[in-house]
Structures are given as C-alpha cells and as structure tokens.
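First comes the structure, then the notes that go with it.
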Amino acid sequence: MVRTVCQFNQLKKVSALLALTFFLMTNINAQVYKSKDNWVSDKDLKSATLSYCVINANTGVMVDELNAHTFVVPASTQKAITTSAALGILGLNYRYETKIYFTGNFNNETGVLNGDVLIIGSGDPTLQSEYFYKDTVLVTDKWAKVLKEKGLKEIKGKVIGDGSCFTRQIPANWIWGDISNYFGAAPCGLTFSDNKFKLLYNSGAPGSKAILASTKPNYSTLQYSINSQVICKGTEDDAFVTGDPFGFKKEVNGKIPPNKTDYEVEAVLPDPALLCAEKLVSSLQKVGVKLNPVMVSSVYQKSDSLVSKTLMYSHYSPGLEKIVFHTNLKSNNLYAESILLTLGKGSIYAGIEAVKNYWQKRGLDVSELYMSDGSGLSRANTVTTFFQSSMLAKIYKDSLIYRAFNASLPLAGKGGSMINIGKGTLLEANMRAKTGYINRARGYCGYVTNKKGDCLAFSVLFNNYNCTAKEAKLKIEKWLVELGE
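Residues 0 to 484 in numbering that gives the first Met the number 0 are what the sequence shown spells out, letter by letter.
Printed below as a string of structure tokens:
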C-alpha cells in the first residue's frame, strides 16, 4: 500500500502525541502512586477498602484511579450528592414557606379569634437555626408582632404547630447511638431551633459525677426526664444521649472535661413543632394578646383539607443557595435530610428516587449509587468514587449550579472541616472539598487546581481501616497534597 507524505506526517504527529500523553500519564501516575504504594505496605490499611478516582474536570478524562468502581461508604461526602441535585432540581433561589392561618371566626372589630392559630411548616430547616438567628432574636416575636398588627387581641382556641408535610420518621438504617444526639436530629415538617436542645453541665474533679445544671430551650407544657450518668474525665465531649428520639425521656452517659461550668451537651428535641407553637404563645403574650397558654399542641398527620382557614402571614426561608452553603460547610445532617425530604415531597424514599433520577438524566450510572439517607450518617449508604468524581466533573461544566455548589465546599486551610488541611502546601486556598467521617469511614470529594492549571475533580474514600480516625485523615491528606502538587 502506498502512503503519501501527508499521511506519514500525520502518523508521526499521532505517534508523538501518544508518546507525550503516555509520558504525562506516567508522571502523573508516578506522583499519585507514591501514596498508593505506601498504602499497600501500611499495616493499618491491610484489611481496609481504599478507593479514589481523579478526573480532569476541564476535559472529562480520567487521570488516575484505584478501585474506582468498588462500593464504599461515603459518610458525609454523601451531602455533595444530595445538595447538588437539589440545586439542579429546585433552583438556587428556592425558598421554604411557613404559613400562619386562622381557623374559625375572627372578629375584626373586637380582635377576638374564635378558632385556632395554625403554624403549617413546609420543612424549612432554618427556623430559629443557630446559623441564621441569635439566641436573643426569636422568629416567633416577629410573627406575633405581625399578628398583633393585623388586629389580633385574643385567641379562644389553640395554637397548633403542624409538621405534617414530612413523614415523622428517621432513616431506617441510623443506629441507636446516633438518633438522640444533635447530629442525629431527624427532619421535621416544622423544624425549630435545629431540632436540638442543650444540657448544661457543671463538672468537678476528675472521676466525679458531672451535675446537670439546666436545659434549654425548655417546653412550657411538658418536661424532659433525664437520667444522667456523666463522668468528669478527659479533654473532649465524649457524652452521648440515647432514648426515643420523639420522647421526652433521655439517658446520658459518657465523659466531659473536669472543672467546667455550663458545659454544653446537645440532644434531639422530642417535638420541634410543639416547641415552635409554645414559643409563639410566649411571643403573643409579650405583645399583649390574650390566650390560654396551655391551649397548645402539635400535629404530624395531614389535617382535614375541608377545614376553613384564612392565611394571615407567610414566613420565607433564606434561598436554597444559602441553605446548601451551611449544609456542606458545617456538614449539617439535619439540613441535608430536610433537603432530601423536600425533594421527595415529604418522603425519604421519594427523595432518594428524585436524586437518583436527576443524576441518571445527567448521564451518570446510578447503579454505582445506593442511598439510604441524604446526609451520609447511615453506613448503609454506598457509592463509588468514579460516580462521585464523574458527578463533580459534570457540576463543573454546569454554569447554573457550579458557583453555588463550589462555594459551599470548605476551603483547604481556611474554613469549615478543611481548616486544618493543607496549610503551607499548594492545597491551602486551592482545594475545596466535602469531608466525610463516621466510624471507620473517612473521605473527601471536591476540586483542586494542580500546578499545570488543570481543575481536577476527585473522590477518595477509606473504609474499615485499623487505626484512629485522625491517623486515617493524615494518610489521606498526604495523597491530597501529592494530588495538588
């Protein structure tokens, strides 16, 4: 066969390009494989499952991988999957609406309501949240002022908190040791005060029993029943709460540091909707509205749609972009679960399907994603690092959601859960990543710009290592530094 000069020149160019590509890939792999070789010989990782995947976000080409199609537990990196899908489905400016209704008859002349006040939630996780309100600023004070200005002077019926827009349940695979602690707070259709309360302890000499001094916020119509066996020992909060997450009886065990005053241990609110209603009662009393303070309740079943009611006020949450920012920056489980139920119109399972359908339509293989919740608290969640890094590469190309999503990821060496990672290296202020940690599962997924100026989308997950969580973190951090440099 006769080849022309042009054909030979073309073949020479292709050969040169392939050689250059091989050279670059060899150098990249040599750099990343240095850490991988150390992992292979590390006795702490001998029986662990280790996985990573790196994709050039600019080109979509995989740079390097290890067990990238193996299922691993994502821990809180799961939030990246949930929140990015929510931004795509609901939009950056989506806002929750909490509605306050009057039922019965309201006499505009006398200001007397012969009926109930209903606070109907839509799942807004930000109501009286510590991320948006200070303790001295009550959202219910604002509501009471509005109702007073509308002429309300007396309520003959109840003040009712309605959380029925969400199913009242926790994800089936959350463990007993988590579900009554603040990080295991279940979402509520009428979430209030981050669905948690504080137990304030005074601790004494090492080895002595800590004294439970007070709790806050408190209910006016019901009381907590707390059996506390907390010991003064150690340097960290190692106290844990157990009990029915929807009940008022709690057990508190473990340790807190000695010689502390008002040391805070946080537990799950048993009834957020009731607390919200009680706080509105208190706020109404402050502005002079007459009512019976014990005429207050909560509901978690859908009310009769035929009951006549009049909308008096709508409270709107901050935009979803801000909610996602705090979800990922602070790794807030409650926010993530609330977002998931919002996507599922109140159902966990429908929310999971909404997330999977969204990513499937974006071209991802959702057979590499198994979701049990939206936050990653359950060890039943599994994902591949290929799925996560591919998802991140697609987000990078999405002008509608990338800016907001990327801004929500903690910045290495600067803030959030990445504040102590990469200081003094190329990672500092150059890598954004969602961190993840639950018992014996740790990882990161996000973006870093390497020395060549390429944006790399990556996911790295360690499961079942035989060392402390801190030691596992250091092993992964070495790999992250090499990836950036």
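Beta carbons are placed, not taken as given, at the ideal position from N, Cα and C, and that holds for glycine.
Is the beta carbon of Ala403 sitting closer than 8 Å to the one on Lys413?
no
So, at 7 Å on beta carbons, what are the nonlocal neighbours of Lys35 in its own chain, with the 5 sequence-adjacent residues on each side left out?
Leu65
Can you look up Gly104 in the DSSP assignment and give me helix, strand or coil?
Position check: residue 104 holds Asn in this sequence, whereas Gly was assumed. The answer is strand: DSSP assigns Asn104 an E or B state.
When the Cβ atoms of the stretch 217–234 are set against those of the stretch 299–319, are three or more pairs found closer than 8 Å?
No contact exists between the stretch 217–234 and the stretch 299–319.
Contact check, Tyr443 vs Leu482 under 8 Å by CB: the rounded distance?
Contact doesn't hold; Cβ gap of about 10 Å is too wide.
Of the residues Tyr446, Thr139, Ser389 and Ala74, the one placed nearest Ile99, counting alpha carbons only:
Thr139
Own chain residues within Cβ distance below 7 Å of Asp43, not counting five before or after
Tyr464, Asn465, Cys466 and Glu470
For Glu476, the three-state DSSP class (helix, strand or coil)
The answer is helix: DSSP assigns Glu476 an H, G or I state.
Extent of the continuous alpha helix (DSSP H) to which Tyr334 belongs
The continuous alpha helix (DSSP H) containing Tyr334 extends over residues Asn332 to Leu342.
Three-state secondary structure (DSSP) at Gly176?
coil
Which residues does DSSP list as the beta-bridge partners of His314?
Thr97
Those residues which DSSP pairs with Leu279 across a bridge
For Leu279, which the question treats as bridged, DSSP gives no partner whatsoever.
So for Gly502, helix, strand or coil by DSSP?
Because residue 502 is not part of the residues shown, which for the chain are 0 to 484, the question remains open.
Close-in-space but distant-in-sequence residues of the same chain around Ile88 (CB under 7 Å, 5 per side omitted)
Leu342, Ala353 and Tyr357
Start-to-end residues for the alpha helix (DSSP H) that takes in Ser389:
Thr384 to Tyr395
Grouping DSSP H, G and I as helix and E and B as strand, with all else coil, what is Gln228?
Gln228 sits in a strand when the DSSP states are folded into three classes.
Give every residue of the same chain whose Cβ lies closer than 7 Å to the Cβ of Arg361, excluding the five residues on either side of it in the sequence, and list them in chain order.
Lys393
Can you tell me whether Gly87 is helix, strand or coil according to DSSP?
helix
Hey, Gly375 and Ser75 are a contact pair by Cβ (cut 8 Å); roughly how many whole angstroms apart?
4 Å
Alpha-carbon spacing of Pro409 relative to Ile418, whole angstroms:
8 Å
CA nearest to the CA of Lys259, picked from Leu268, Thr234 and Pro269
Thr234
Going by DSSP, what residues sit across from Arg431 in a beta bridge?
Leu410 and Tyr446
Start and end of the alpha helix (DSSP H) containing Gly160?
Taken as a continuous stretch (DSSP letters only), Gly160 belongs to no alpha helix (DSSP H), being part of the beta strand (DSSP E) at Val158 to Asp161.
Could you tell me whether the stretch 38–56 touches the stretch 317–329, where touching means 3 or more Cβ pairs closer than 8 Å?
no
Should the stretch 381–388 be called in touch with the stretch 101–108, which here means at least 3 C-beta pairs below 8 Å?
Contact between the stretch 381–388 and the stretch 101–108 is absent, because fewer than three Cβ pairs lie under 8 Å.
DSSP puts Phe191 in a beta bridge; with which residues?
DSSP lists no partner for Phe191.
Beta strand (DSSP E) runs contained entirely in the stretch 31–61, provided each spans 3 or more residues
48–55
Are there 16 or more other CB atoms within 10 angstroms of the CB of Gln77, so buried, or fewer, so exposed?
If you draw a 10 Å sphere on the C-beta of Gln77, you find 16 or more other C-beta atoms in it, and that means buried.
Going by other Cβ atoms of all chains shown within 10 Å of its Cβ, with 16 needed for buried, is Glu127 buried or exposed?
Note on residue identity: the sequence assigns Gln, not Glu, to residue 127. So Gln127 counts as buried.
Checking 8 Å against the spacing of the C-beta atoms, do Leu117 and Lys308 come in under that value?
yes
Counted within 10 angstroms of its Cβ, other Cβ atoms place Leu23 as buried (16 or more) or exposed:
Confidence at Leu23 is low in this model, with a pLDDT of 42, below 50, so the placement of that residue should be treated as unreliable; the coordinate-derived value is given next. Label assigned to Leu23: exposed.
Residues bridged to Leu501 [DSSP beta-bridge criterion]:
Residue 501 is absent from the model: the chain starts at 0 and stops at 484.
In three-state terms, what does DSSP make of Gly82?
Going by the sequence as given, residue 82 is Thr instead of Gly. Correct three-state label for Thr82: helix.
By Cβ distance, which residues of its chain are closer than 6 Å to Leu473, with the 5 residues on each side in sequence left out?
none
If distances are taken between C-alpha atoms only, which option among Gly452, Thr448, Arg439 and Leu198 comes closest to Asn462?
Closest in C-alpha terms to Asn462, from the list Gly452, Thr448, Arg439 and Leu198, comes Arg439.
If you follow the beta strand (DSSP E) that Ile210 is in, where does it begin and where does it stop?
Ile210 to Lys215
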